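Below is one structure, written out as structure tokens; comments come after it.
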Amino acid sequence: MLKLEGIHVYYQESLAVSDVSISVKEGEFVTIIGANGAGKTTIMKAIMGLIRVKKGKIHFEGDDLTNKPPWVRAEMGIGYIPEGRRVFPDLSVVENLKVGAYTIKNKQILNQNLEKVFFLFPRLKEREKQLARSMSGGEQQMLAIGRAMMLNPKLLLIDEISMGLMPILVNTAFASIKKMHEEGVTILLVEQNAKKALATADRGYVLETGRIVLEDRADILNQKDEIKKAYLGG
Amino acid sequence: MLLQQIINGIVVGSVYSLTAMGATLVYSILRILDIANAGAYALGAYVGLFSYVATDNLLLSFLIGMIAMGIWGIFVQKFLYLPLLGKSPLISLITSIGLFIFLGDFIRLWAGPQIKDFPADLKLPFSGIKTENLTIMSVWILVLLTTAILLLTLWYLITKTKIGLAWRATAQDLEIAKAMGINVNVVVAFNFFLGYSFAAAAGIMIGIMYNFISPTMGDVPAYKMLAIIVLGGLGNPVGAVVAAMLIGLIETLVGGYIGFFLPRDSIAFIAVIIILLIKPQGLFVRKNI
Ligand SMILES: Nc1ncnc2c1ncn2[C@@H]1O[C@H](COP(=O)(O)OP(=O)(O)OP(=O)(O)O)[C@@H](O)[C@H]1O
Ligand SMILES: [Mg+2]
Chain A
1 MLKLEGIHVY YQESLAVSDV SISVKEGEFV TIIGANGAGK TTIMKAIMGL
51 IRVKKGKIHF EGDDLTNKPP WVRAEMGIGY IPEGRRVFPD LSVVENLKVG
101 AYTIKNKQIL NQNLEKVFFL FPRLKEREKQ LARSMSGGEQ QMLAIGRAMM
151 LNPKLLLIDE ISMGLMPILV NTAFASIKKM HEEGVTILLV EQNAKKALAT
201 ADRGYVLETG RIVLEDRADI LNQKDEIKKA YLGG
Chain B
1001 MLLQQIINGI VVGSVYSLTA MGATLVYSIL RILDIANAGA YALGAYVGLF
1051 SYVATDNLLL SFLIGMIAMG IWGIFVQKFL YLPLLGKSPL ISLITSIGLF
1101 IFLGDFIRLW AGPQIKDFPA DLKLPFSGIK TENLTIMSVW ILVLLTTAIL
1151 LLTLWYLITK TKIGLAWRAT AQDLEIAKAM GINVNVVVAF NFFLGYSFAA
1201 AAGIMIGIMY NFISPTMGDV PAYKMLAIIV LGGLGNPVGA VVAAMLIGLI
1251 ETLVGGYIGF FLPRDSIAFI AVIIILLIKP QGLFVRKNI
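Chains as they are written, first to last, in the numbering used here: chain A, 1 to 234; chain B, 1001 to 1289.
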């Protein structure tokens, strides 16, 4: 479904992601783990089209994405939960959700998706009219997840779902993306919380300073000594 | 007397608010100061005047002037500001000052350096009001009505429509707006179209009110517009309208009661300096649309 073929991404002169190849099959749950600054966010932005790929190609369902603007990629069915939530601070909860469904023209589908999000996160329904900036971090994370669900994405890109959340909320967040996966959404998740990510995903890649150094089934990666040492706290 | 001054002030403030609205909208979405917006004010007045002379239809000449400047705004953002996006805002600022100076000279070359008269007889469908101690000229009513219609349209677009939602999202987080499926190129183009057409409307109204236009007519509004948008809390449309009304009122009240001990335009700037000394962040907080 998604294929990155040897992509290189630069910030000005400095190489942030080097020769990265990743593939995600339809229905899979794939994770990329890596330390701070490894290049995880950069890869997500490259897939979404928010940063230019200098070399290499990105394919989605057979189409070459390389020169397509981000909004076309969204319309093709790629959803995005960005790092640090990035909800629109001065839009209300329901407006944030509507922006998530911006490419959906059919009112009926839009309302169905809205119902679905409100069913999964009743807290968002209670706060429908509230401005996003006045919500707690955990509520904003729910909103970011809900906003991505509004698109009914085929592929969902998730950048650090656990960041800044207390453990119980991390579990809720993981439970909600697991649920989406069970409903048929293909997922690519990047995480520093390698333990959680590997426990949830089918397959994983390990990213070190902009390069993929390992790739395997998640349960196998979970058992590897070097992974345990570097990412799972011994 | 007081009522008369207040009405005068509101009329002047209306024109100021349209003048400042274009730059406010641009700032809200791209975070750059667009001085060249005042160029659309002068150029729009010329297009409006020539259209009026050609068609003898005021409504039509407003529309032609506004649409022509709106399209010009789309060009400006596409070929000037978008390529500079992501660079230092100083570069955009200097570019826009350059464009503004160019436009003044362009008008001089095209239409001549002399002042041009705006036809005095406009055949408005309504007449003014004149009582013993109150005069409301018919062009003032025209100014108030036009301003009210344009500002209400803008408010409706921003708060009630789908493009308005896209607009607010883009102003708040351009990158994420893109990723959510919003074609931000269209949003930014639309923003400039409206901003520049508002400036054109303001220019035409000033031409009508004072019965003349000139190549340098945008100079003072360029600076005054800056003062207003800073006072109104950079990129805050409601703040800009209130600040514009305030400046309009201060100008006329000081002029009316204390007299013009200084040139009229300097009063606005003195007021801004005083207000900013007391409240350095402007009258309003910076707020997203
Ligand atoms: N806007 C930028 N300009 C310059 N360098 C950048 C920029 N953004 C990221 N980088 C650099 O690119 C590299 C990869 O950054 P990236 O944000 O992709 O890492 P990450 O794996 O997401 O890290 P984290 O776990 O902290 O989120 C880092 O060395 C970072 O310093
Ligand atoms: Mg990151």
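Ideal placement from N, C-alpha and C gives every residue a C-beta, glycine not left out.
Keep in mind it's a predicted model, so treat the numbers as computed, not measured.
Check                                                                                                                                                                                : Outcome
To which residues does DSSP link ILE58 of chain A through a beta bridge?                                                                                                             : A:LEU4
Got a sec: is the Cβ-Cβ distance from TYR10 of chain A to anything in chain B below 9 Å?                                                                                             : no
Across which residues does DSSP place ASP63 of chain A in a beta bridge pair?                                                                                                        : A:PHE60
Per DSSP, which residues does LEU188 of chain A bridge with? Please list them.                                                                                                       : A:VAL30 and A:LEU157
Would LEU1165 of chain B count as contacting chain A if we go by Cβ distances under 9 Å?                                                                                             : yes
By Cβ distance, which residues of its chain are closer than 8 Å to VAL94 of chain A, with the 5 residues on each side in sequence left out?                                          : LEU114, GLU128 and LYS129
List the residues of chain A whose Cβ lies closer than 8 Å to the Cβ of ASN1183 of chain B, in chain order.                                                                          : PRO69 and TRP71
Quick one: what's TYR1223 of chain B bridged to in DSSP?                                                                                                                             : In the DSSP output, where bridge partners are listed per residue, TYR1223 of chain B has none listed.
The beta strand (DSSP E) that contains LEU91 of chain A, what's its start and end?                                                                                                   : Note, LEU91 of chain A: premise wrong, no beta strand (DSSP E); not H, not E.
Do TYR80 of chain A and LEU131 of chain A have their beta-carbon atoms positioned less than 9 Å apart in this structure?                                                             : no
Residues of the stretch 40-62 of chain A with a CB closer than 7 Å to any CB of chain B: list them in chain order, please.                                                           : MET48 and LEU50
Taking the beta strand (DSSP E) that GLY204 of chain A falls in, what are its first and last residues?                                                                               : 203-208
Which word fits LYS55 of chain A, buried or exposed, when buried means at least 16 other C-beta atoms lie within 10 angstroms of its C-beta?                                         : exposed
Would you check whether ligand 1 has a heavy atom nearer than 8 Å to the C-beta of SER92 of chain A?                                                                                 : no
Is DSSP giving ARG236 of chain A helix, strand or coil here?                                                                                                                         : This structure cannot settle anything about residue 236 of chain A, because the visible part of chain A is limited to 1 through 234.
Enumerate in chain order the residues of its own chain whose CB-to-CB distance from ALA1171 of chain B is below 7 Å, with the five nearest sequence positions on each side excluded. : SER1028, ILE1029, ASN1288 and ILE1289
Any idea what DSSP makes of TYR102 of chain A, helix, strand or coil?                                                                                                                : coil
Measure the alpha-carbon distance for VAL1139 of chain B versus ILE1074 of chain B and round it to whole angstroms.                                                                  : 30 Å
For ARG52 of chain A, which three-state DSSP category applies?                                                                                                                       : coil
Return no unless some Cβ of chain A is closer than 9 Å to the Cβ of ASN1191 of chain B.                                                                                              : no
Note the first and the last residue of the continuous alpha helix (DSSP H) segment covering TYR231 of chain A.                                                                       : 225-231
According to DSSP, is LEU1003 of chain B part of a helix, a strand, or is it coil?                                                                                                   : helix
Taking VAL1186 of chain B as part of the alpha helix (DSSP H), name the residues at either end of that continuous run.                                                               : 1184-1210
Using a threshold of 8 Å, is the CB atom of TYR11 of chain A nearer than that to any non-hydrogen atom of ligand 1?                                                                  : yes
Would you please state the rounded distance, in angstroms, between the beta carbons of ILE1182 of chain B and TYR102 of chain A? I believe it to be under 8 Å.                       : 5 Å
Taking the C-alpha atoms as reference points, what is the distance between GLY1218 of chain B and ALA1038 of chain B?                                                                : 5 Å
I'd like to know whether the C-beta atoms of THR1019 of chain B and ALA1227 of chain B end up nearer to each other than 9 Å.                                                         : no
Leaving out five residues on either side along the sequence, give the residues of the same chain with a beta carbon under 7 Å from the beta carbon of ILE1067 of chain B.            : SER1197
Which residues neighbour ligand 1 when neighbourhood means a C-beta less than 6 Å away from any of its non-hydrogen atoms? List them by chain order.                                 : A:TYR11, A:ALA16, A:GLY34, A:ASN36, A:GLY37, A:ALA38, A:GLY39, A:LYS40, A:THR41, A:THR42, A:GLU83 and A:GLN192
Give me the chain A residues within the contact set of ILE1176 of chain B, using Cβ-Cβ distance strictly less than 7 Å, ordered along the chain.                                     : PRO82 and ARG86
So, with DSSP's three-state summary, where would you put VAL87 of chain A?                                                                                                           : coil
Against chain B, does VAL99 of chain A count as a neighbour if the rule is that its beta carbon must be under 9 Å from one of theirs?                                                : yes
How many Å lie between LEU1142 of chain B and SER1017 of chain B at the Cα?                                                                                                          : 15 Å
When the Cβ atoms of the stretch 60-70 of chain A are set against those of the stretch 220-231 of chain A, are three or more pairs found closer than 8 Å?                            : no
Say whether chain A places a C-beta atom closer than 9 Å to the C-beta of LYS1162 of chain B.                                                                                        : yes
Around the Cβ of GLY1207 of chain B, are there at least 16 other Cβ atoms within 10 angstroms (buried) or fewer (exposed)?                                                           : buried
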